[in-house]
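Peer 1: One structure, as structure tokens, below. Some questions next.
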Amino acid sequence: MEQADLIWLNGEFVAWEDAKIHVLTHGLHYGTGVFEGVRCYDTESHGPAVFRHQDHIDRLFKSASLYYMDIPYPAHELRQATLELIAANGFRDCYIRPLVYRGYGTMGLFPLDAPVDVTLACWKWGAYLGDAGKRDGIRAKVSSWRRISSESLIPQAKASGQYLNSILAKIETHKAGYEEAILLDDHGHVCEGSGENIFVVIDGVIHTPPPAASILDGINRKSVIQIARDLGFTVAERDIARAELYLAQEIYVTGTAAELVPVREVDDHTIGTGRPGEITLAVQSAFDDALHGRTERYAHWLDPVPAHLYRSQAGAAPPSTVA
Ligand SMILES: Cc1ncc(COP(=O)(O)O)c(C=O)c1O
Numbered sequence: 152m153e154q155a156d157l158i159w160l161n162g163e164f165v166a167w168e169d170a171k172i173h174v175l176t177h178g179l180h181y182g183t184g185v186f187e188g189v190r191c192y193d194t195e196s197h198g199p200a201v202f203r204h205q206d207h208i209d210r211l212f213k214s215a216s217l218y219y220m221d222i223p224y225p226a227h228e229l230r231q232a233t234l235e236l237i238a239a240n241g242f243r244d245c246y247i248r249p250l251v252y253r254g255y256g257t258m259g260l261f262p263l264d265a266p267v268d269v270t271l272a273c274w275k276w277g278a279y280l281g282d283a284g285k286r287d288g289i290r291a292k293v294s295s296w297r298r299i300s301s302e303s304l305i306p307q308a309k310a311s312g313q314y315l316n317s318i319l320a321k322i323e324t325h326k327a328g329y330e331e332a333i334l335l336d337d338h339g340h341v342c343e344g345s346g347e348n349i350f351v352v353i354d355g356v357i358h359t360p361p362p363a364a365s366i367l368d369g370i371n372r373k374s375v376i377q378i379a380r381d382l383g384f385t386v387a388e389r390d391i392a393r394a395e396l397y398l399a400q401e402i403y404v405t406g407t408a409a410e411l412v413p414v415r416e417v418d419d420h421t422i423g424t425g426r427p428g429e430i431t432l433a434v435q436s437a438f439d440d441a442l443h444g445r446t447e448r449y450a451h452w453l454d455p456v457p458a459h460l461y462r463s464q465a466g467a468a469p470p471s472t473v474a
């Protein structure tokens, strides 16, 4: 990970190396935290801009409330602090990690007396599943671990402790020589990747599991569904059987870290021709245009970092395009 200069910690900008917490931080022991993964792109139309920023902040607040955490800053303050942080670090594009967690003060499983701390960090982060994966597709394996269900946790929340589930699946498939895990839900239906939503093209129709199917309701999932429909494709939200993966003509996954990545193999079955398919490429290209501000239709998804925030940072380059 490439280090940045500053991190925002409980209302203050602090140097990267000073962003430290106590070892008895509640969230460190019990996973009592919620977070977001967000990206800022150096867009052609609006300069550096955060993609669907408000949607990520809204989901952060929803995740926090599901775990009875009151975020001690209003949403508009976190948004502003994020824009300032990106500019203060001199980034034109970066990955952004807001984290809300139970801090230092009490131990034990009753968390409501522990403080709620908030940090915002950003750093340069390239293609999560690799540039080759984005271009040529990845090899995936169905994990033996099932995705968490509503019977024991809250799949709709992006909560730190819940990610142990994704991590087990990721380790298992990595050790087996694959690039990503696909998790089934507790009914045995296809659910999602370890950090991405999944789309399966069968006979020209794009299928994806519905929001009630224990998925994280991905912000890129929503964007890519809209883009695919705007392109004239049919998107059906329905349960998907494991074998439908093997029989599909195309598969792709979406997420903030990964963006849109084709899947070329699942469990050693070649998907379609083994190359990214036509529908995948069409949606991927339109999505890439949306992320990089090349499509006016989706410009409302961009939250530009105001140029004056860069100018106020000595030595930082101002954005070339001012919104
Ligand atoms: C488990 C899981 N599912 C799906 C996603 C995709 O969500 P989004 O598109 O909002 O990044 C992510 C990434 O945040 C994830 O961690």
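Everything in the sequence shown is counted per our numbering, starting at 152 for the first residue and increasing by one.
Note that CB positions come from ideal geometry on N, CA and C, so glycine has one too.
Looking only at C-alpha atoms, which of 320, 242, 184 sits nearest to residue 503?
Peer 2: No information on residue 503 is available, as it lies outside the stretch 152 to 474 that the chain covers here.
Peer 1: What does the Cβ neighbour count give for residue 452, buried or exposed, with the cut at 16 atoms within 10 Å?
Peer 2: buried
Peer 1: Quick one: what does DSSP say residue 366 is sitting in, helix, strand or coil?
Peer 2: Note: residue 366 maps to coil in three-state DSSP.
Peer 1: Using only the alpha-carbon positions, how far apart do residue 440 and residue 288 sit?
Peer 2: Whole-angstrom Cα-Cα distance: 19 Å.
Peer 1: Give me the Cβ distance between residue 283 and residue 346, rounded to the nearest whole Å; I'm assuming they're in contact under 8 Å.
Peer 2: Going by Cβ atoms, the distance from residue 283 to residue 346 rounds to 18 Å, so no, they are not a contact pair.
Peer 1: Counting pairs of Cβ atoms below 8 Å between the segment 286 to 301 and the segment 325 to 335, do you hit three or more?
Peer 2: Yes, the segment 286 to 301 is in contact with the segment 325 to 335.
Peer 1: Taking the alpha-carbon of residue 249 as reference, which of 256, 236, 242 has the nearest alpha-carbon?
Peer 2: 236
Peer 1: Measure the alpha-carbon distance for residue 276 versus residue 383 and round it to whole angstroms.
Peer 2: Each residue's alpha carbon lies about 32 Å from the other.
Peer 1: Taking DSSP's pairing of strands, which residues face residue 274 in a bridge?
Peer 2: Bridge partners of residue 274: 246.
Peer 1: How many angstroms separate the CA atom of residue 469 from the CA atom of residue 168?
Peer 2: Low confidence applies to residue 469: its pLDDT is 39, below 50, so where it sits in the model is not reliable, and the reading given next is rough at best. Taking the straight line joining both Cα atoms gives about 26 Å.
Peer 1: Between the Cα of residue 205 and the Cα atoms of 376, 234, 178, 358, which residue gives the shortest distance?
Peer 2: Measuring C-alpha to C-alpha distances from residue 205 to each of 376, 234, 178, 358 identifies 234 as the nearest.
Peer 1: Quick check on residue 324: does DSSP put it in helix, strand or coil?
Peer 2: helix
Peer 1: Within a Cβ cutoff of 6 Å, which residues of the same chain sit near residue 154, ignoring the five residues on either side of it in sequence?
Peer 2: 167
Peer 1: Only counting the same chain, and skipping five residues up and downstream in sequence, which positions put a Cβ closer than 8 Å to that of residue 180?
Peer 2: 258
Peer 1: Where do the ends of the beta strand (DSSP E) carrying residue 358 lie?
Peer 2: 356 to 359
Peer 1: In terms of residues, what are the limits of the beta strand (DSSP E) holding residue 184?
Peer 2: 184 to 186
Peer 1: Ordered along the chain, which non-local residues of its own chain (more than five positions away) have a Cβ less than 6 Å from that of residue 199?
Peer 2: Result list for residue 199: 191, 193, 243, 456, 470, in chain order.
Peer 1: What does the alpha-carbon distance come out to for the pair residue 240 and residue 156?
Peer 2: Looking at the two C-alpha atoms, the distance is approximately 6 Å.
Peer 1: For residue 324, count neighbouring C-beta atoms within 10 Å of its own C-beta (all shown protein chains included) and say buried if the count is 16 or more, exposed if not.
Peer 2: Counting the other Cβ atoms within 10 Å of the Cβ of residue 324 gives 16 or more, which makes it buried.
Peer 1: Give a yes or no on whether the C-beta atoms belonging to residue 215 and residue 222 are separated by under 8 Å.
Peer 2: yes
Peer 1: Check residue 420 in the structure and name its three-state DSSP category.
Peer 2: strand
Peer 1: Just grab the DSSP bridge partners of residue 314 for me.
Peer 2: As computed with DSSP, residue 314 is found in no beta bridge at all.
Peer 1: Look at the Cβ atom of residue 460, then the Cβ atom of residue 434, and state whether they are nearer than 8 Å.
Peer 2: no
Peer 1: Near residue 260, which residues of its chain fall below 8 Å by C-beta distance, leaving aside the five closest residues on each side in sequence?
Peer 2: Here the set comprises 181.
Peer 1: What do you get for residue 407, buried or exposed, if any count of 16 or more other CB atoms within 10 angstroms of its CB means buried?
Peer 2: buried
Peer 1: Straight-line CA distance for residue 294 to residue 392?
Peer 2: 14 Å
Peer 1: Please state the DSSP three-state secondary structure of residue 194.
Peer 2: Here residue 194 sits in strand by DSSP.
Peer 1: Closest to residue 366 by C-alpha separation, out of 196, 256, 349, 444, would be which residue?
Peer 2: 349
Peer 1: Which residues have a Cβ closer than 6 Å to any heavy atom of ligand 1, listed in chain order?
Peer 2: 188, 317, 343, 346, 347, 348, 367, 369, 370, 371, 372, 405, 406, 407
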